[in-house]
Each structure stands twice: as structure tokens, then as C-alpha cells.
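The opening position of the sequence shown corresponds to residue 9 in this note's numbering, with each subsequent residue numbered one higher.
Just so it is clear, CB atoms sit at the ideal spot from N, CA and C, and this is done for glycine as well.
Bear in mind that the values here come from a model prediction, so they are computed numbers and not experimental data.
Reading through the C-alpha cells given below for one structure.
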Amino acid sequence: MRKLLVIGIGAGNPDHMTVQAIGGLNRADVLFIPDKGAKKNDLAELRRQICDRFVTNPGSRRVEFDVPVRAEPAPSYRSTVDDWHEAIAATYEDLIRDELSQDGCGAFLIWGDPSLYDSALRILERVRMRGNVEFELEVIPGITAVQALAAGHKIALNRIGDAIQITTGRRLTEEGLPDSAGSTVVMLDGKCAFNRLDDKDLVIHWGAYLGTPDEILISGRLGDVGDEIVKTRDEARRKKGWIMDTYLLRKPGEPEE
């Protein structure tokens with residue numbers, strides 16, 4: 009039976025690769041490299057660099073594929089994502105069927121970790137449910153942007169006795185910051201939702217291109233650095249054509265007992 013490895017490759021630094029991940033790359037007959045278009049060529053190029061650096065298996069080969077583009081959310085965010093995932097599932101199915109032998113091993117290289125705000129595992133489950141190709145699945149974890157953010161700012165994610173919440177920019181916009189939130193990590197925020205929060209005394213630790221030579225870190229009181237982050241983010245995105253960023257929000261001081 010075919011085997012698929014879903015390998016977390018870290019937040020952007022090839023040095024984030026674990027020994028387990030490197031071993032997984034070298035077990036694979038085929039390494040699948042997603043291409044998200046010219047504006048995000050850096051993402052495919054990093055995967056190529058990782059393969060160049062760590063793959064020593066002479067029998068492996070790379071297969072690059074175009075990732076279907078997600079439509080603008082209409083009529084609903086969830087239905088738009090569902091349609092997008094269905095299109096990607098069809099692409100994955102074709103790759104597995106056409107590029108892997110019946111006893112072959114393929115690897116998908118996943119930015120960060122496959123378990124945190126990445127849809128590869130859900131999409132592969134869609135492929136399995138279609139019933140057209142059979143495969144076994146193995147997941148190899150990777151360093152997340154959340155870990156890289158904390159390391160970059162030299163902070164612990166949690167305070168003593170406090171909770172950690174991980175959410176998205178869309179939910180932060182719709183729901184605000186819960187009163188019970190301790191340390192809140194926000195991902196997938198393309199519209200700087202933090203600037204819509206009323207509490208400007210919140211502390212923010214923001215980072216973009218984490219772990220890479222282009223890493224940008226800003227932290228401070230939200231009311232003091234919020235506009236600086238928006239400006240810095242806009243400039244960086246215009247320069248590179250894409251941006252990956254995340255941030256942590258928390259109230260100043262220590263949590264109450």
C-alpha cells in the first residue's frame with residue numbers, strides 16, 4: 009500500500025528541521041512541492057533548499073504542483089474554504105495515483121506543523137473518503153510559528169497559572185478578546201485585527217518571517233506600537249509580495265489568582 013508522510017518543516021528556517029523530519033524526507037520516493045504562484049515563490053524555494061540540503065536518497069525525486077487558488081469569501085467563509093479544499097483534494101488524489109507506485113512512499117512538506125492551522129491532514133482525509141486511492145498516513149511534527157515567535161521575543165507563551173488561547177484574526181475581529189483570555193496567540197490575520205481592539209494597554213509581541221533572515225519583531229504596548237506594526241507589515245508585504253506573521257496579546261502584569 010502507498011504510504012504518505014506529512015512532514016512539518018518549521019516556520020521558515022531550514023535549521024528548524026528535526027532529525028525525524030530529515031529521516032522522513034530520505035524515506036520518500038517522491039517529494040511533493042506545492043507552488044502557490046510567482047508572488048509566493050519563496051515558499052516553494054525554501055522547500056527546494058531543504059531538499060537540496062538534507063536529502064541524500066539518490067532514488068527520490070521531486071514533483072512540483074500548482075495549488076488551486078481560493079476564491080474570495082462568498083457567500084460564506086466556510087463554504088468558500090470547503091470548495092477550495094475540495095479542489096486541493098482532487099489535486100492530491102491525482103498526485104498520489106499518478107506519481108506513486110502501489111508500494112511507494114510520498115512526502116508532503118508542510119510549513120510549520122501539520123497540526124496547527126494547516127489543512128493538509130483534513131484534505132488527505134477527504135482523499136481517503138473518496139475511495140479512489142488507498143494509503144497509509146504518518147505525521148512528523150515540526151516547529152510552529154508560535155514557538156518561533158516566543159523564541160524570537162525571548163518570552164514564555166504562558167504566565168504562571170494562566171491560560172493560552174490560539175485563535176485567528178477573523179475570530180478576533182468578530183468576537184474580540186475574551187475576558188478570560190490569558191495569553192492569546194493570533195494567526196492568519198491579514199487585516200491587523202489587533203488595531204480594532206479597544207484596550208490599548210494590551211501588550212503585543214508581533215513577528216513576521218519568523219526564523220528567517222528577513223525576520224521582523226516588534227513588541228510593546230498596543231497603543232504605542234499598533235500603527236508601527238501596520239506600517240511595517242504593509243511595507244514588508246509590498247517588498248516581498250507575501251507575508252506570514254503572527255502575534256501574542258496579553259494584559260500587562262501578572263494574572264490574578
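Going by beta-carbon coordinates alone, are residue i and residue j separated by less than 8 angstroms?
| i | j | result |
| --- | --- | --- |
| Arg70 | Ile41 | yes |
| Thr254 | Val154 | yes |
| Ala36 | Cys113 | yes |
| Gly139 | Gly215 | no |
| Leu205 | Leu185 | yes |
| Arg10 | Phe143 | yes |
| His213 | Leu256 | yes |
| Val194 | Thr176 | yes |
| Asp124 | Thr152 | In the sequence as displayed, the identity of residue 124 is Leu instead of Asp. Their beta carbons are under 8 angstroms apart, which means Leu124 touches Thr152 by this criterion. |
| Val14 | Leu145 | yes |
| Val50 | Glu72 | The residue asked about is misnamed: residue 50 is Asp in this sequence, not Val. No, these two residues do not count as a Cβ contact at 8 angstroms. |
| Gly120 | Gly31 | no |
| Gly234 | Asn203 | yes |
| Ala79 | Asp90 | no |
Please name the residue or residues paired with residue i in a DSSP beta bridge.
| i | result |
| --- | --- |
| Leu205 | Per DSSP, none; premise fails for Leu205. |
| Lys11 | Cys113, Glu144 |
| Val193 | Ile174, Leu256 |
| Val38 | Arg69, Gly114 |
| Ile224 | Ala216 |
| Gly18 | Gly120 |
| Asp43 | Asp74 |
Could you work out which residue in the options is closest to residue i when comparing CA atoms only?
| i | options | result |
| --- | --- | --- |
| Glu223 | Ala19, Val14, Arg10, Asp91 | Ala19 |
| Asn65 | Tyr100, Ala79, Asn49, Leu33 | Leu33 |
| Ile251 | Met25, Arg105, Asp197, Leu12 | Asp197 |
| Gly67 | Leu108, Gly190, Leu257 | Leu108 |
| Lys208 | Arg258, Ile172, Gly169 | Arg258 |
| Gln110 | Glu101, Val141, Asn21 | Val141 |
| Asp170 | Lys199, Arg241, Ala189, Arg134 | Ala189 |
| Ser191 | Lys199, Gly150, Ile17, Ala158 | Ala158 |
| Lys199 | Arg56, Ser227, Val27, Arg241 | Arg241 |
| Arg178 | Glu243, Arg86, Asp23 | Arg86 |
| Leu39 | Thr26, Val89, Tyr100 | Tyr100 |
| Thr26 | Ile58, Gly249, Asp106 | Ile58 |
| Asp187 | Leu54, Leu210, Asn203 | Leu210 |
| Val135 | Glu94, Pro22, Ile174 | Glu94 |
| Glu182 | Glu243, Ala201, Pro149 | Ala201 |
| Asp74 | Asp102, Gly228, Thr88 | Asp102 |
| Ser227 | Ile163, Ile104, Ala29, Asn21 | Ile163 |
| His24 | Thr220, Arg56, Arg167, Asp106 | Thr220 |
| Arg56 | Thr88, Gln28, Arg105, Pro22 | Pro22 |
| Pro260 | Val238, Arg167, Asp126 | Arg167 |
Ends of the alpha helix (DSSP H) at residue i?
| i | result |
| --- | --- |
| Leu124 | Neither: Leu124 is in no alpha helix (DSSP H) and is coded neither H nor E. |
| Tyr255 | No alpha helix (DSSP H) contains Tyr255, which is instead part of the beta strand (DSSP E) from 253-258. |
| Asp60 | 49-62 |
| Asp106 | 85-107 |
| Met137 | 128-138 |
| Lys248 | 230-248 |
| His161 | 153-161 |
Tell me, to the nearest whole angstrom, how far the beta carbon of residue i is from that of residue j; I am working on the premise that it is less than 8 angstroms.
| i | j | result |
| --- | --- | --- |
| Ala156 | Leu218 | 4 angstroms |
| Ile96 | Pro76 | 6 angstroms |
| Ile118 | Gly150 | 7 angstroms |
Would you give the residue range spanned by the beta strand (DSSP E) that residue i belongs to?
| i | result |
| --- | --- |
| Val211 | 211-216 |
| Glu72 | 69-74 |
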